[in-house]
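Numbering (this note's numbering), first residue to last: 1 to 185.
Here is the structure:
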């Protein structure tokens, strides 16, 4: 189970300290409740490799109760390559160990990262329905330290009315966007 992607990475977008504390407390409650269920493997939001510095994400994960679950999920709805994600995850787990939260695992969303997050000019692509992305490897046992590589975001679900999905609202499935991921264009 992946708990609320972007919930911790977007803490800085909330307007007040009270709102940030409330969201962190809600995620911590979910972590404790869901982490206590039998036969349930739970991961909290860990953002993506180009968003929040590892030490800051580790602190957010600690505060949100990552010690009560298996670990954290990276790259949900993003395009970073697996090796980039695994390097970032290793940095986070190192920071978590420094915060007395050792042994935390992670998963990587590979549903749309087949061409990574760099364009032909070596520039990081926009996060919103960028051109030239491709499906990533199918869900599998992880590599590079990951517990699993998973398709978390449904390929073809729009990031919003932007990029190559201008007329497709966020969260809506688009056969056009799915086809572009299949073809890598």
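Note that CB positions come from ideal geometry on N, CA and C, so glycine has one too.
Problem set entry | Spatial distance of residue 150 from residue 19 (CA atoms) | 31 Å
For this session: Kindly identify the DSSP beta-bridge partner or partners of residue 150.
Result: 109
For this session: Look at the alpha carbon of residue 13 and the alpha carbon of residue 140, and state the distance between them as a whole number of angstroms.
Result: 33 Å
Problem set entry | Buried or exposed (CB count within 10 angstroms, at least 16 for buried), residue 43 | buried
For this session: Could you tell me how far apart the beta carbons of residue 96 and residue 58 are, in whole angstroms, since I believe they sit closer than 8 Å?
Result: 5 Å
Exercise. First and last residue of the alpha helix (DSSP H) that includes residue 19?
Worked result: 17-35
Problem set entry | Unbroken beta strand (DSSP E) run spanning residue 45, endpoints | 43-45
For this session: Just grab the DSSP bridge partners of residue 118 for me.
Result: 124
Exercise. Run through DSSP, which three-state label would residue 141 get?
Worked result: strand
Exercise. Relative to the C-alpha of residue 168, which residue among 129, 144, 64, 77 is closest?
Worked result: 129
Problem set entry | Three-state class that DSSP yields for residue 171 in the structure shown | coil
For this session: Ignore the nearest five residues each way along the sequence and tell me which others in residue 144's own chain have a CB closer than 7 Å to its CB.
Result: 82, 83, 86
Exercise. Between the stretch 112-121 and the stretch 70-79, are three or more C-beta pairs nearer than 8 Å?
Worked result: yes
For this session: From the DSSP output, in three-state form, read off residue 8 for me.
Result: coil
For this session: Starting from residue 59, trace the alpha helix (DSSP H) both ways and give me its first and last residue.
Result: 54-63
Exercise. Between the stretch 33-42 and the stretch 4-11, do at least 3 Cβ pairs fall closer than 8 Å?
Worked result: no
For this session: Tell me whether the beta-carbon of residue 106 lies closer than 8 Å to the beta-carbon of residue 73.
Result: yes
Exercise. Helix or strand or just coil, what does DSSP make of residue 163?
Worked result: helix
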